[in-house]
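Colleague: The structure under discussion is supplied below as structure tokens; questions concerning it will follow.
Number of protein chains: 4
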Amino acid sequence: MNKINKVVLAFSGGLDTSVILKWLQDVYQCEVVTFTADIGQGEEIEPARAKAQGFGIKEIYIEDLREEFVREYVFPMFRANTIYEGEYLLGTSIARPLIAKRQIEIAQETGADAVSHGATGKGNDQVRFELGYYALKPNIHVIAPWREWDLTSREKLLEYAKKHGIPIEMKQQTGSPYSMDANLLHISYEGRLLEDPAKEPEESMWRWTVAPEKAPDEPEYLDIEFERGDIVALNQERLSPAVVLAKLNQLGGKHGIGRLDLVENRYVGMKSRGCYETPGGTIMLRAHRAIESITLDREVAHLKDELMPRYAALIYSGYWWSPERKMLQTMIDESQLNVNGWVRVKLYKGNVVVVGRDSKTDSLFDPAVATFEDDRGAYNQADAAGFIKLNALRMRIAAQLRKSFKK
Amino acid sequence: MNKINKVVLAFSGGLDTSVILKWLQDVYQCEVVTFTADIGQGEEIEPARAKAQGFGIKEIYIEDLREEFVREYVFPMFRANTIYEGEYLLGTSIARPLIAKRQIEIAQETGADAVSHGATGKGNDQVRFELGYYALKPNIHVIAPWREWDLTSREKLLEYAKKHGIPIEMKQQTGSPYSMDANLLHISYEGRLLEDPAKEPEESMWRWTVAPEKAPDEPEYLDIEFERGDIVALNQERLSPAVVLAKLNQLGGKHGIGRLDLVENRYVGMKSRGCYETPGGTIMLRAHRAIESITLDREVAHLKDELMPRYAALIYSGYWWSPERKMLQTMIDESQLNVNGWVRVKLYKGNVVVVGRDSKTDSLFDPAVATFEDDRGAYNQADAAGFIKLNALRMRIAAQLRKSFKK
Amino acid sequence: MNKINKVVLAFSGGLDTSVILKWLQDVYQCEVVTFTADIGQGEEIEPARAKAQGFGIKEIYIEDLREEFVREYVFPMFRANTIYEGEYLLGTSIARPLIAKRQIEIAQETGADAVSHGATGKGNDQVRFELGYYALKPNIHVIAPWREWDLTSREKLLEYAKKHGIPIEMKQQTGSPYSMDANLLHISYEGRLLEDPAKEPEESMWRWTVAPEKAPDEPEYLDIEFERGDIVALNQERLSPAVVLAKLNQLGGKHGIGRLDLVENRYVGMKSRGCYETPGGTIMLRAHRAIESITLDREVAHLKDELMPRYAALIYSGYWWSPERKMLQTMIDESQLNVNGWVRVKLYKGNVVVVGRDSKTDSLFDPAVATFEDDRGAYNQADAAGFIKLNALRMRIAAQLRKSFKK
Amino acid sequence: MNKINKVVLAFSGGLDTSVILKWLQDVYQCEVVTFTADIGQGEEIEPARAKAQGFGIKEIYIEDLREEFVREYVFPMFRANTIYEGEYLLGTSIARPLIAKRQIEIAQETGADAVSHGATGKGNDQVRFELGYYALKPNIHVIAPWREWDLTSREKLLEYAKKHGIPIEMKQQTGSPYSMDANLLHISYEGRLLEDPAKEPEESMWRWTVAPEKAPDEPEYLDIEFERGDIVALNQERLSPAVVLAKLNQLGGKHGIGRLDLVENRYVGMKSRGCYETPGGTIMLRAHRAIESITLDREVAHLKDELMPRYAALIYSGYWWSPERKMLQTMIDESQLNVNGWVRVKLYKGNVVVVGRDSKTDSLFDPAVATFEDDRGAYNQADAAGFIKLNALRMRIAAQLRKSFKK
């Protein structure tokens, strides 16, 4: 084991990372810097300060990263209409690169030679954290306690906590029925009761959204304004990125929007069942496609669609900081320069229905050409004959040949 | 103008194709063979016989193609989770190749040297019909009346009808407020009142689905069984393809599922607003993704996702009978050999919620590996360290270099 | 026929475009502006002035566009290692967008309402010219004489020339045995003697390169320096883009490099046989791949390779000015920021052999990691076990399942 | 360390695998089955029998796999025109899956519970072997001595050999100046003298090809016949796959064809310099593209080209036995049904020049359409106007909009 002097720990203040903190102090005999961030997980972060102090920590970083999270990570990802495996909006995946980046910056500032996180050895998050660490600081030492220690069960963890005087809350005695993760984009549930993908999750699991059955009987209309592919205003009120997303979460949650129950393919090789609530993201995706539908060139849109699954897999698998993701991002961002305008959606019991879209400056919908009525020469129907003839030519030549040889 | 002896007309029996029939007889002075097919459009086809006879037609083809349509066209397309531009389920696009194929077969049988259709010169359907014709019979003569004649407005069309004694129903006097197309997969609405994409369509337009607001307050559960990627049973009852789709349409329609309002990019170059009802297809797509989620290899699934937009564009643009579509189909079909099992969905006011999926024979979901509990060695967490290290290596080398050069 | 006031003609000064010039004056009764450009075709352009004056032309544009051509078109294309259908370096395709752009600019300057070119109705060039025109000036009127007039054979063309006093050179009496096109990137041959792809072209056809058999018996070494993916120096001498390419053509031609004989797929639908000499381009491509091999990240390189065929097809088919080509270019250019360094090639009787490559600032080749000797810990071989294990996991789970079911 | 009973070793009979054999016996105390295959590496395999017997081995497999290698691995790969990173013909990569498969089959036959190979922990071959093992037999135990033992230098290896009485040849004392690998497709060189990619390799390194400078001064013509994309005859003589490749190697080697010197990206993350001789493969690739040029549909060819880099990366990275490689292969094979005909190439001092190609049954080259002369109506040039107009439409609408807004 290398000698470590100082390690920056992603510290939530909860039981698991408290045990890790203590374990790092004990096993590595090194100084620990704690880093606690508000990325919209919905829990107070300030209490983490006292907890860290309780372990004798001197360098404590507590930061509100919500705006940066949405502006620099969530919004760029949504510019690509990103969905993993046709369903998943990548709520967990997109938060990890930011945490990793801040840990590395703090390591630079504090002269730490290592970083540590609380992700297990079976999941994607360890990959997302560590690929970020290595890409940003190639010689950083990474400590992944769950892959190293012998606290392989909850019982052993609790025992360790008790032994070292780490306070255990009542609910932690039994353990949550799910493994959860939350940030401004989503909350996720995995494991335990969800491990049989044939069984429907319990209604009581969901936390951010009401069931569609419990949602209001009245639909609600919402106007969403985009600039360069990002939402800048809701119902004509300009809002900052994080406020946009918080507001959409509130509206989506109220109307039962954004629940998802799926089996996904982890980067480490197994299938896993996850449930997600992404109320605001679900509205954003729908609205973004709608504004693109009138402002984006056809071939640009199709090229984006073809590259999207790969872009999604890169984010899912932890390659946010890779050169190929950045290269794709350059192209995606370029495509958004004209994505300006507004979309109207109707929210009702789980449904996000697009009911209108327009752009004063960038609509490529040309009513003069598109009309089913007389277009007064905007489009010459005779052109279609040549268009079809030449597009068919290669197939005609082939069919002629096959006929000759009676294939 | 080439001398035409006999033409096979895709004949619905409605006003437009009746005018075309008469116009072909007059202008081309040729024999007309009528072909009328039931592909689930929801109208009786038998009355077309009397109408054709009224024009003195001797060779009249009237056929029920519903099973062939779903088995050979709809199901293969759904194996790829096909969606055009992120939204559209290609209901119109997928029916055209079948019509084109039958017209060509009938031309062979009847010794006709031409085929004709009622699609306009501005839309995608002319392309879909004609690419099919040419691919299947390279020297066929194609007559597209809307691109040739001078009946460029509804008024002129009605006048022509009156002049030639073609009966005009009351509603045809004014014209439908929408241009519609229907088959077992969907019904579509375009034009007229929809030509401003900023405006919500009128509730009265929708014909196949109730509004989610009017759908039952009780959700309904449905078990869907797949074999090789196709649905073979609903609620444990084995059904033929067309019956499956009809049943899903009925259930989806009842629960307000499958409405869509979008602006799409036509192959002929302009943007166009369309509204669609695809109740059964919407359920199928969701369920198919769910069964694939447990039976398909990750990389196979991702490759399918990356190729899907192109496959969708091929179908949308009329290339069903092209060699590249067939080549992709071979690959897609190969991928479905293991897609066997069942999915349970919950239908409720516009929502299709997947609540369970399993496969006795082909589930790649391995609970022993996936579990959040002790997996007794099924997965060695230590492997992840090496996995991450080598995946990070190229990025670390690059970061090291950039550090040296202070980039 | 619309009334045209003034048309900008791409005018080479040769027989064909002279006939077109006269025909435009006669048939359209309009003013003609001639535009003659030196893009490295190897013929004097100044004589075109007198010829145009002979037709009474008042607005005559004669321009040397060689530097712009290489800097803004050839180099950007080579950044992507662009090859069409595995073989063709797109020499003709890449020159058309520049001509089209200048014609449109001149139309703006001179107030012309039309443009005209000398490409036939069967080839790709008409598409390349006209897509450029329309993309840059949507309402421009395009006159394509070969698609309009009745001069459908060489005899008729010569007759028209004689009748209108257009001087015909001796060789033009019989017509060239090939249709040729040249610019600084290549010279092409099509048609006539080449129309049987089973037959080898005559040695006398080739103009820019000696046969490898006639090339020097001594190889020649050449050092090529790149900055941001473009060549900036040869043998340590900094040169402008056009001078680089001219020098490479001279060297390649001397050593018998860059001949190509292929059957290609035209955008208008038929296969066509073409022969090309691209001596400098052949060297550039090889050297560019070599400098990328040490400076480009693996996944960036692979992504470029996957998108290249589409990028090539866009250029081949005339979509240089399309938004999708520009979007891809943004990504390609971004990838070249680190493509700095030098490559040494050996030229010998048709061969371009890369014999060395290095980059002081951007080499990702890390000898400490790559070495077959003891690497003193730069790479931990044990990491490979975990890497393989997790990459294999999904296949192991599948194999386990298949074993259980004896598939 | 798990208890191993019996291990199947890929045994060349050379020093390295002899040491491994002994080491397995000593360290694992298990029975060893040796497997030695002739895949065209150009060394006798029968002597391996005596060597194995010298170690007391009872189960000795010695097999000639040359035909299977070319028929089932090399040919299928060439159907895709497969090249890794624009240059490398994958000679080493394509042989590993066959070795892996036979080892697993032998493990089944002999009841072995483990397999072992002699690849190091830094290269791609370990991955290729082991992904194959795991995909074919998920619970096989893999022993990779180079990742496990402490014989980390040549000195230690020789010492171990001496200590255990393993005979060491003179040349092995000093070690080869290169790490080499050979099979019927290629011979490769890596390491040692090649570790500086700025330096040209010594002429003495190359073993299979003469230098172009030393090749005959007379070119040689060769007729190559294809059926379904595979070569079946040379100069009108039908030959088996392995004989085809051997003959092409002999011809290519004689004419100095197929040398390659490149820096490639290994799957394990670093760049590596390799030199390769692939004389027969270089001819095959060129000829295969030529036969496809007249028999393959344009869009099929383009789709193959777009997917090729990924297919190549799969093979390079060891995923031959993966479901995604098989899925792509299905599509590739399907595309080859019409790839029948012949190609004539001219071999001369490093050059493979295609000089003719034809197909009696499947040529899509239609001289009537392609001709530059009067085509008597086979192609209607007027069609091109409509073709261009509709392809330009979306760009015209966009340009019109930009003009309105003076963008």
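Chains as they are written, first to last, in the UniProt record's numbering: chain W, 1 to 407; chain A, 1 to 407; chain U, 1 to 407; chain P, 1 to 407. For each residue, glycine too, the CB sits at the ideal point set by N, CA and C.
1. Assign Met331/P to one of three DSSP states: helix, strand, or coil.
2. Quick one: which unbroken beta strand (DSSP E) runs of 3-plus residues sit fully inside the stretch 114-199 of chain W? Chain order, please.
3. In angstroms with no decimal places, state the Cα-to-Cα distance between Lys407/P and Asn338/W.
4. What residues from the stretch 245-278 of chain P come within 7 Å of chain A, judged by C-beta to C-beta, listed N to C?
5. Flag Thr330/P as yes if its beta-carbon sits less than 8 Å from any beta-carbon of chain A, otherwise no.
6. List the residues of chain P that Val142/W touches, going by C-beta distances under 8 Å, in chain order.
7. Classify Asp64/U as helix, strand or coil using the three-state DSSP reduction.
8. Among the residues of its own chain, which have a CB less than 8 Å from the CB of Ile39/W, if the five just before and after it don't count?
9. Short of 8 Å in beta carbon distance, which residues of its chain neighbour Gly350/A, apart from the five on each side in sequence? Order them along the chain.
10. Give the secondary structure of Arg298/P by DSSP, where H, G and I count as helix, E and B as strand, and everything else as coil.
11. Quickly, what does DSSP pair Trp23/P with across the bridge? List them, please.
12. Going by DSSP in three states, Thr282/W sits in which element: helix, strand or coil?
13. Once the 5 residues before and after Glu87/P are set aside, which same chain residues still bring their CB inside 7 Å of it?
14. Can you list the residues of chain U that Thr371/P reaches, using a CB-CB cut of under 8 Å?
15. Using only the alpha-carbon positions, how far apart do Ser116/P and Met205/P sit?
16. If you measure from the beta carbon of Ile388/P to each beta carbon in chain U, is any gap under 8 Å?
17. Are the beta-carbon atoms belonging to Met331/W and Met331/U less than 8 Å from one another?
18. Any beta-carbon of chain P closer than 8 Å to the one on Arg147/W?
19. Taking only three categories from DSSP, how would you classify Phe55/P?
20. With three or more C-beta pairs closer than 8 Å as the rule, is the stretch 48-57 of chain U touching the stretch 8-16 of chain U?
21. Which class does Asp223/U belong to by DSSP, given the choice of helix, strand or coil?
22. According to the Cβ coordinates, are Leu222/A and Ala398/U closer than 8 Å?
23. Using a beta-carbon distance below 8 Å, is Lys407/A in contact with chain W?
24. So, at 6 Å on beta carbons, what are the nonlocal neighbours of Arg71/W in its own chain, with the 5 sequence-adjacent residues on each side left out?
25. Beta-carbon of Asn380/P versus every beta-carbon of chain W: anything under 8 Å?
26. As an exercise, report each continuous alpha helix (DSSP H) stretch of at least 4 residues that is fully enclosed by the stretch 204-259 of chain A, in chain order.
27. Given this structure, state the Cα-to-Cα distance separating Ser293/P from Ala287/P, to the nearest angstrom.
28. Quick check: the Cα distance between Val355/A and Val19/A, rounded to an integer number of angstroms?
29. CB Thr17/P to CB Gly165/P, shorter than 8 Å?
30. Give the interface partners of Ala398/U over in chain A, defined as CB-CB distance under 9 Å, in chain order.
31. Give the list of continuous beta strand (DSSP E) stretches no shorter than 3 residues that lie fully inside the stretch 302-389 of chain P.
32. Could you name the residues of the same chain whose beta carbon sits closer than 6 Å to that of Leu245/U, not counting the 5 residues immediately before and after it, in chain order?
33. Taking Tyr28/P as the reference, which of Val300/P, Glu43/P and Leu9/P has the closest Cα?
34. Shorter than 8 Å from the beta carbon of Val300/P to some beta carbon of chain A?
35. Tell me whether Asp16/W sits in a helix, a strand or coil according to DSSP, three-state version.
36. Where DSSP assigns a beta bridge to Val8/A, which residues make up the other side?
Modeller: Quick answer:
1. Secondary structure of Met331/P (DSSP, three-state): helix.
2. Segments of the beta strand (DSSP E) lying fully in the stretch 114-199 of chain W: 114-116, 141-143, 179-182 and 187-190.
3. For Lys407/P, the predicted model reports a pLDDT of 49, less than 50, meaning its position is unreliable and no value from the coordinates is stated.
4. Hits within the stretch, in order: Val268, Gly269 and Met270.
5. Chain A contact via Cβ: present.
6. Neighbourhood of Val142/W in chain P, by CB distance below 8 Å: empty, with the nearest CB roughly 16 Å away.
7. Three-state DSSP puts Asp64/U in a strand.
8. For Ile39/W, where only same-chain residues beyond five positions count, the Cβ hits under 8 Å are Leu65, Arg66, Phe69, Ala95, Leu98, Ile99, Asn183 and Leu184.
9. For Gly350/A, where only same-chain residues beyond five positions count, the Cβ hits under 8 Å are Pro212, Ala215, His255, Gly256, Ile257 and Arg259.
10. Residue state, collapsed to three classes: helix.
11. Residue pairing for Trp23/P: DSSP places it in no beta bridge.
12. Look at Thr282/W here: in three-state DSSP terms it is helix.
13. Contacts found: Leu260 and Leu262.
14. At a beta-carbon threshold of 8 Å, the residues of chain U lying near Thr371/P are Gly191 and Glu195, ordered along the chain.
15. Met205/P has its alpha-carbon roughly 30 Å from the corresponding atom of Ser116/P.
16. Yes, its Cβ sits closer than 8 Å to a Cβ of chain U.
17. Yes, the Cβ-Cβ distance between Met331/W and Met331/U is below 8 Å.
18. No, Arg147/W lies away from the interface with chain P (no Cβ there is under 8 Å from its Cβ).
19. It is coil, neither helix nor strand.
20. Yes, since at least three Cβ pairs between the stretch 8-16 of chain U and the stretch 48-57 of chain U fall closer than 8 Å, the two stretches touch.
21. Reduced to three states, the DSSP call for Asp223/U is strand.
22. Not in contact: Leu222/A and Ala398/U (Cβ atoms no closer than 8 Å).
23. Residue placement at Lys407/A is poorly supported in this model, since its pLDDT is 49, which falls under 50; the coordinates still yield a value, given next. Residue contact check for Lys407/A against chain W: no CB pair falls below 8 Å.
24. Excluding residues within five positions, the ones whose Cβ falls inside 6 Å are Pro241.
25. Yes, Asn380/P counts as interfacial toward chain W.
26. Taking 4 residues as the shortest admissible run, the stretch 204-259 of chain A contains the following complete alpha helix (DSSP H) segments, listed from N- to C-terminal end: 241-254.
27. Using only the alpha carbons, I get a separation of about 10 Å.
28. Rounded to whole angstroms, Val355/A to Val19/A spans 51 Å at the Cα level.
29. No Cβ-Cβ contact shorter than 8 Å links Thr17/P with Gly165/P.
30. The answer, in chain order, is Asp297, Asn338 and Leu364.
31. For the stretch 302-389 of chain P, the full-length beta strand (DSSP E) segments reaching 3 residues or more read 341-348 and 351-358 along the chain.
32. Beyond the five residues adjoining it in sequence on each side, Leu245/U comes within less than 6 Å, by CB distance, of Val70, Leu184 and Gly280 in the same chain, given in chain order.
33. For the residues Val300/P, Glu43/P and Leu9/P, the minimum Cα distance to Tyr28/P belongs to Leu9/P.
34. At least one chain A Cβ lies under 8 Å of Val300/P.
35. Looking at Asp16/W - three-state DSSP - the assignment turns out to be helix.
36. BP columns for Val8/A point to Val33/A and Val115/A.
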